[in-house]
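Reading through the structure tokens given below for one structure.
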Amino acid sequence: MGFFQWYWWAGTAIILLIAEIFVPGFFLLCLGIGCAGGAITAAFGLGEVAQLVVFSLVSLVAFLTIRPVLMKQFWKDGGVRTNVDALAGRRAKVSQDFDPGLRLGRVAVDGDDWRAECTVDRMLRVGDVVEIVRVESNTLIVKPLELA
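Numbering-wise, the sequence shown is residues 985 to 1132 according to my numbering.
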């Protein structure tokens, strides 16, 4: 009888479910659910062909139904911005005066000093508060807070 006994199917299902923790995408989860179907079929005493057919069909149904639902639920973009992307919309203090002609200066955000470019031709002095519009390479594009 070999592999086609219920406990082999159940053991394989458990191994696949544990392996799903380390491999994202819910691929192994669907195969584990298929193995559970094979284990139930083997427990009822049906033959190897029936077990393989049930394993295949249950895995396929899991791929087509459960996996898309789980992917949509767990792999959606949560909107959590990190690193440089998190700077847009934040406020910063001018750490070096801006020249109105060049519109260049420096601002401080969370203890880091950044090169900055202002969106308007206006003199900004040390201590003024600006809002970060976006980040272009290593330059923050800012606008004075009064115009925000």
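Think of the CB as a built atom: it goes at the ideal place given N, C-alpha and C, for glycine as much as any other residue.
- Q989 and L1012 have their C-alpha atoms roughly 21 Å apart.
- Between L1108 and V1078, the CB-CB gap stays under 8 Å.
- DSSP, reduced to helix, strand and coil, places I1005 outside both helices and strands of the structure shown, so it counts as coil.
- It is roughly 20 Å from the alpha-carbon of L1044 to the alpha-carbon of G1031.
- Ranked by how close their Cα comes to the Cα of I998, the residues G1095, I1017, N1067 have I1017 in first place.
- Shortest Cα-Cα distance from D1069 to any of F1010, F1082, I1005, I1116 involves I1116.
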